[in-house]
Amino acid sequence: MSALVQYAAPATEALTADEVRAACRIDASNQEPAPGAITAALAGTPIAGNVDNGAHRYLATFVTADGETQAGTASSAVTVADKTVNGKVALTAIPIGGALVTSRKLYRTIAGGSTYLLLATLADNTTTTYTDNIADSSLGAGAPSTNTTDDPFLGVLIASARATAETRTRSVFVTQTLDYYLDQFPGWELHVPTPPLQSVSEITYVDSDGVTQTLAADQYAVDIESQPGRITPAYGLVWPVTRWQQNAVKVRFVAGYGASSAVPDGIKQWMLLRIKHAYDQRDPVNVGNIVTEFPRSYIDGLLDPFTVPSFAWARS
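Residue 337 in the working numbering sits at position 312 of the sequence shown, and the numbers go up by one each step.
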């Protein structure tokens with residue numbers, strides 16, 4: 026018997042939310058809009074503070090359970106001439122978001138800068154004032170450029186469409202690391218499931234004494250050109266003897282086309298069509314409508330060029 030377990034999931038999905046919104050003809054109304062401008066002014070004099078001398082601008086973002094909006098409208102510039110005299114900045118009219126907003130983040134430029142860095146997080150959706158007394162060196166991460174407050178249903182549709190397509194093609198799309206377990210080494214050639222195979226990280230096995238061993242990389246040869254990929258003993262060698270037990274052999278490998286941009290267009294098109302259908306038709310049945318589905322040769326046929334044949338993975 027054999028088993029395949031995901032060790033490290035892909036860092037991103039094969040499709041972005043923007044691609045899905047375009048395919049489903051969804052406008053930005055399902056996102057929390059970015060905030061308007063903050064009013065910023067010197068806190069007064071004489072008030073010494075830590076805001077560095079120079080011109081600063083401010084902006085805010087809204088945070089929901091699903092994500093954070095892109096950077097909002099920037100404030101007018103506020104210039105600190107001498108922080109020992111007027112080194113604090115008073116922020117007022119901080120925008121309040123919709124009902125889904127759970128917190129807000131404030132961002133500021135360094136003196137004379139143009140990049141907005143995290144100043145503070147307001148852990149509510151009610152506070153409208155804040156006094157800035159933070160030095161440039163203590164600012165945090167940059168403000169986001171994209172809005173991630175999407176309808177969470179889109180993320181579910183993307184993940185489920187990708188998983189279904191991977192099952193149909195017997196492959197994986199975006200780079201990920203998997204562990205493949207076997208009860209023993211095959212007679213000769215070991216087929217690695219879920220292509221395209223990028224590399225083999227390691228092969229471990231339980232020897233006849235019950236000790237887990239790592240097979241040296243020069244003891245086997247890896248073929249990443251074939252689909253599925255293949256592993257064989259190096260020239261003149263044979264597989265080592267394993268203890269007769271379940272999952273005595275583990276092959277850790279990296280598979281996938283690469284980043285999401287490397288996933289073939291045919292696969293992405295299949296996913297977009299299935300996602301569009303699932304987004305438009307939320308119910309498992311369609312009552313009272315005459316519906317004609319695209320022929321299988323058009324929809325599922327998009328995956329045919331990327332589908333690998335079935336193999337008896339555990340033995341050869």
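Beta carbons are placed, not taken as given, at the ideal position from N, Cα and C, and that holds for glycine.
Proximal residues to residue i (C-beta, below 8 Å), its chain only, five neighbours per side dropped
{"i": "S341", "result": "The predicted model places S341 with a pLDDT of 30, which falls under 50 and marks its position as unreliable, so this point remains unresolved."}
{"i": "D77", "result": "V105, K108, I135, A136, A160 and D161"}
{"i": "R307", "result": "none"}
{"i": "R6", "result": "Since the first residue of the chain shown is 26 and the last is 341, residue 6 is not available in this structure."}
Check whether residue i and residue j have beta carbons under 8 Å apart
{"i": "D91", "j": "T174", "result": "yes"}
{"i": "Y132", "j": "L143", "result": "yes"}
{"i": "T146", "j": "S128", "result": "yes"}
{"i": "T86", "j": "K130", "result": "yes"}
{"i": "H81", "j": "A136", "result": "yes"}
{"i": "G79", "j": "T104", "result": "yes"}
{"i": "S196", "j": "P221", "result": "yes"}
{"i": "Y230", "j": "V263", "result": "no"}
{"i": "A39", "j": "A62", "result": "no"}
{"i": "A48", "j": "K301", "result": "yes"}
{"i": "T153", "j": "I119", "result": "yes"}
{"i": "T37", "j": "S285", "result": "yes"}
Residue i, buried or exposed, once every other Cβ within 10 Å from all chains shown has been counted against 16
{"i": "Y141", "result": "buried"}
{"i": "Y155", "result": "buried"}
{"i": "G165", "result": "exposed"}
{"i": "D157", "result": "buried"}
{"i": "R187", "result": "buried"}
{"i": "V310", "result": "exposed"}
{"i": "Q56", "result": "buried"}
{"i": "F198", "result": "buried"}
{"i": "T134", "result": "buried"}
{"i": "S224", "result": "exposed"}
{"i": "F178", "result": "exposed"}
{"i": "F331", "result": "buried"}
{"i": "V276", "result": "buried"}
{"i": "V266", "result": "exposed"}
Rounded separation between residue i and residue j - CA only
{"i": "A96", "j": "G326", "result": "42 Å"}
{"i": "S101", "j": "Y83", "result": "8 Å"}
{"i": "P253", "j": "V236", "result": "30 Å"}
{"i": "L116", "j": "G281", "result": "48 Å"}
{"i": "L29", "j": "F278", "result": "11 Å"}
{"i": "Q270", "j": "S233", "result": "10 Å"}
{"i": "D290", "j": "M296", "result": "10 Å"}
{"i": "G180", "j": "I249", "result": "31 Å"}
{"i": "G121", "j": "T94", "result": "In the sequence under discussion, the amino acid at residue 121 is Ile, which differs from the Gly named in the question. Taking the straight line joining both Cα atoms gives about 13 Å."}
{"i": "Y304", "j": "S226", "result": "39 Å"}
{"i": "P60", "j": "P334", "result": "52 Å"}
{"i": "I72", "j": "A287", "result": "55 Å"}
{"i": "A66", "j": "S139", "result": "18 Å"}
{"i": "N75", "j": "S162", "result": "10 Å"}
{"i": "Q244", "j": "I228", "result": "10 Å"}
{"i": "R193", "j": "A160", "result": "55 Å"}
{"i": "G240", "j": "S251", "result": "Residue identity differs from the one stated: residue 240 is Leu in this sequence, not Gly. Rounded to the nearest angstrom, the two C-alpha atoms are 22 Å apart."}
{"i": "Q238", "j": "D329", "result": "40 Å"}
{"i": "V45", "j": "A68", "result": "46 Å"}
{"i": "S185", "j": "E191", "result": "10 Å"}
{"i": "A35", "j": "I183", "result": "In the sequence as presented, Ala is not what sits at residue 35; that position holds Pro. Going by the C-alpha atoms only, they are around 13 Å apart."}
{"i": "A242", "j": "I292", "result": "33 Å"}
Cβ shell of residue i (< 6 Å), same chain only, five flanking positions each side left out
{"i": "T70", "result": "V110 and N111"}
{"i": "A246", "result": "T257 and A259"}
{"i": "N272", "result": "Y206"}
{"i": "N172", "result": "Q56, T94 and Q95"}
Cβ neighbours of residue i in the same chain (closer than 7 Å, five flanking residues each side left out)
{"i": "G283", "result": "T200"}
{"i": "W338", "result": "Below a pLDDT of 50, predicted positions are generally treated as unreliable, and W338, at 43, falls in that range; the measurement from the model is reported next regardless. If we look at W338 and ignore the five residues flanking it on each side, its Cβ neighbours are S27, H216 and P218."}
{"i": "Q294", "result": "L327"}
{"i": "L298", "result": "I324"}
{"i": "Q31", "result": "Q201 and L203"}
Any non-hydrogen atom of the ligand PLP closer than 7 Å to residue i Cβ
{"i": "T151", "result": "No copy of the ligand PLP appears in this structure; indeed no ligand is present at all."}
Contact the stretch 249 to 259 vs the stretch 197 to 208: 3+ CB pairs below 8 Å: no
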